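Heads up, the thing below is written out as structure tokens.
Numbering (our numbering), first residue to last: 20 to 406.
Structure follows, in structure tokens:
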């Protein structure tokens, strides 16, 4: 995909994608605290049990205990502090017990770690070993041999929690041990910007407080089941967690292979908005417009990108590309829906029947999914919002 020398359709498409990406940008990986000191040098040793509550309004009438107190007591023994030592400096995050030997945390918590120490809720320390990471979902698995008996696995929820459901975030903000903050599920099926213009699909939005050090800790329901893994804080009561559904997909592969392969369509895209619909003469404001097709990617020769642009309300908008409306019989109303479908329902190598609107006609094509490029691979600049 070369830039046109005179300035346009390709360059315009890239500016459009860049603007959309900038509007969607969140504070990813903002919850891991960094330090330059090892454990023996007193990292403000507030790792003694500190119970920091943010309980809103659900207190019982007696002594301030609440449903949050109950879930805290039932789950905190399964939450740990993770301290990662790197060539330069160190960082702290959180984790929760997944099975008898393994904890789940964020990839950015253990990234480039040379040594890992894990502190459990009652003060027991263990050495940790990274067995698998996935930068695209920001998930990692750490092995701990002979963890304490009281640190039992937490269950994952079976389905998306309802909007408004009460949840608590457990972890170690600023290194403060065994903390809890309360909130609600503010949204589901959010796409959170990741590396190389990809996204973490299907994240859970919450207003439960999340600060540096909370990364990798569980977001749990009041019955103690994990809704997601805290990964990013935007501030102003807008925080995000990798969904339990994505954890179910990724973590088993990390345990078995040390890595996870994500499905890849090889397109740049944008949701159909009223402006996009007007520019492309679309009757319905739904679907996903293909803006660019990655050369030699899975969709090259199968899907069509947008060769031109049009000005609507002073904005340059890509026009002429395929509009994806269905994949494998499922409606695809937005790019978030497409991302979630690919993340939770497909694997590389799958052939996915796809319905597109092309030049005003309904067309059915088959897209054979590839493997998402390695995070270190150099992608063409401006490809933005890839799937």
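Just so it is clear, CB atoms sit at the ideal spot from N, CA and C, and this is done for glycine as well. Since the structure is predicted, the reported quantities are computational estimates derived from the model, not experimental observations.
Between the CA atoms of residue j and residue i - distance to the nearest angstrom
i: residue 344; j: residue 248; result: 31 Å
i: residue 298; j: residue 339; result: 9 Å
i: residue 278; j: residue 151; result: 6 Å
i: residue 183; j: residue 320; result: 44 Å
i: residue 390; j: residue 280; result: 6 Å
i: residue 186; j: residue 102; result: 25 Å
i: residue 393; j: residue 217; result: 12 Å
i: residue 59; j: residue 130; result: Low local confidence applies: a pLDDT of 36 at residue 59 is under 50, so the model's placement there is unreliable, and no value is given.
i: residue 142; j: residue 282; result: 41 Å
i: residue 116; j: residue 190; result: 12 Å
i: residue 284; j: residue 228; result: 35 Å
i: residue 153; j: residue 164; result: 22 Å
i: residue 388; j: residue 371; result: 7 Å
i: residue 41; j: residue 334; result: At residue 41, the pLDDT of 36 sits below 50, so the modelled position is not reliable; the number obtained from the coordinates is stated separately. Going from the Cα of residue 41 to the Cα of residue 334 covers about 15 Å.
i: residue 145; j: residue 238; result: 23 Å
i: residue 276; j: residue 134; result: 21 Å
i: residue 288; j: residue 376; result: 14 Å
i: residue 386; j: residue 323; result: 12 Å
i: residue 223; j: residue 313; result: 29 Å
i: residue 326; j: residue 300; result: 15 Å
i: residue 219; j: residue 261; result: 8 Å
i: residue 311; j: residue 318; result: 10 Å
i: residue 206; j: residue 355; result: 12 Å
i: residue 294; j: residue 379; result: 17 Å
Residue environment, residue i, which counts as buried when at least 16 other CB atoms sit within 10 Å
i: residue 348; result: exposed
i: residue 366; result: exposed
i: residue 57; result: In this prediction, residue 57 scores a pLDDT of 43, lower than 50, which makes its location untrustworthy; the coordinate-derived value is nonetheless stated afterwards. So residue 57 counts as exposed.
i: residue 381; result: exposed
i: residue 108; result: exposed
i: residue 332; result: exposed
i: residue 87; result: buried
i: residue 359; result: buried
i: residue 39; result: Low confidence applies to residue 39: its pLDDT is 43, below 50, so where it sits in the model is not reliable, and the reading given next is rough at best. So residue 39 counts as buried.
i: residue 169; result: exposed
i: residue 138; result: buried
i: residue 258; result: buried
i: residue 330; result: exposed
i: residue 252; result: buried
i: residue 350; result: exposed
Extent of the continuous beta strand (DSSP E) to which residue i belongs
i: residue 138; result: 134 to 139
i: residue 148; result: 144 to 153
i: residue 304; result: First-last for residue 304: undefined, no H or E at that position.
i: residue 388; result: Neither: residue 388 is in no beta strand (DSSP E) and is coded neither H nor E.
i: residue 246; result: 245 to 254
i: residue 239; result: 237 to 240
i: residue 126; result: Where residue 126 is concerned, there is no enclosing beta strand (DSSP E), although the alpha helix (DSSP H) it sits in stretches over 126 to 129.
i: residue 338; result: 334 to 338
i: residue 112; result: 109 to 116
i: residue 329; result: 327 to 331
Residue i - containing alpha helix (DSSP H), residue span
i: residue 272; result: 263 to 276
i: residue 297; result: 293 to 298
i: residue 90; result: 86 to 94
Beta-bridge pairing of residue i - partner residues as DSSP gives them
i: residue 200; result: 188
i: residue 283; result: 389
i: residue 345; result: 350 and 374
i: residue 259; result: 224 and 251
i: residue 394; result: Residue 394 pairs with nothing; no bridge assigned.
i: residue 121; result: 162
i: residue 322; result: 319
i: residue 104; result: 109 and 134
i: residue 212; result: 218
i: residue 206; result: 224
C-beta atoms of residue i and residue j nearer than 8 Å
i: residue 241; j: residue 90; result: yes
i: residue 243; j: residue 173; result: yes
i: residue 368; j: residue 342; result: no
i: residue 273; j: residue 158; result: yes
i: residue 149; j: residue 132; result: yes
i: residue 13; j: residue 233; result: Residue 13 is absent from the model: the chain starts at 20 and stops at 406.
i: residue 292; j: residue 309; result: no
i: residue 208; j: residue 362; result: no
i: residue 98; j: residue 85; result: no
i: residue 140; j: residue 95; result: yes
i: residue 162; j: residue 136; result: no
i: residue 213; j: residue 155; result: yes
i: residue 180; j: residue 123; result: no
Short CB-CB distance (under 8 Å) between residue i and chain B
i: residue 96; result: The displayed structure is made up of one protein chain only, and chain B is not part of it.
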